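Residue numbers for the sequence shown follow the working numbering, so the first one is 0 and each next one is one higher.
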Amino acid sequence: MISATSAMTQTGGPSLGGALVQLFGASATLLFDVGSYLMSASLLARIPGRSQPTRAAGPTWAAVREGLWYA
0 MISATSAMTQ TGGPSLGGAL VQLFGASATL LFDVGSYLMS ASLLARIPGR
50 SQPTRAAGPT WAAVREGLWY A
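The structure is reproduced here in structure tokens:
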């Protein structure tokens, strides 16, 4: 699935970019691209940070044994 998405973006992206340049001109297309990057950055900044999981106190081998017993 990832390779299909990658192939589609590699072939469709330049085609869409060329069509946008022909329709709106190079400067308007470039401004649209800048706007999309700014929107992406603002949305990424809103993602909350990951909280660190709390580790149970105890030796590592006990955790390994517990994991093997669970599997």
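Note that CB positions come from ideal geometry on N, CA and C, so glycine has one too.
Given the structure is predicted, the values throughout are model-derived calculations rather than measurements.
For the pair Thr28 and Leu19, the CB atoms are nearer than the 7 Å cut-off. According to the DSSP assignment, Ile1 belongs to the alpha helix (DSSP H) that extends over 1–23.
When only Cα atoms are considered, Leu30 and Tyr36 end up about 10 Å apart.
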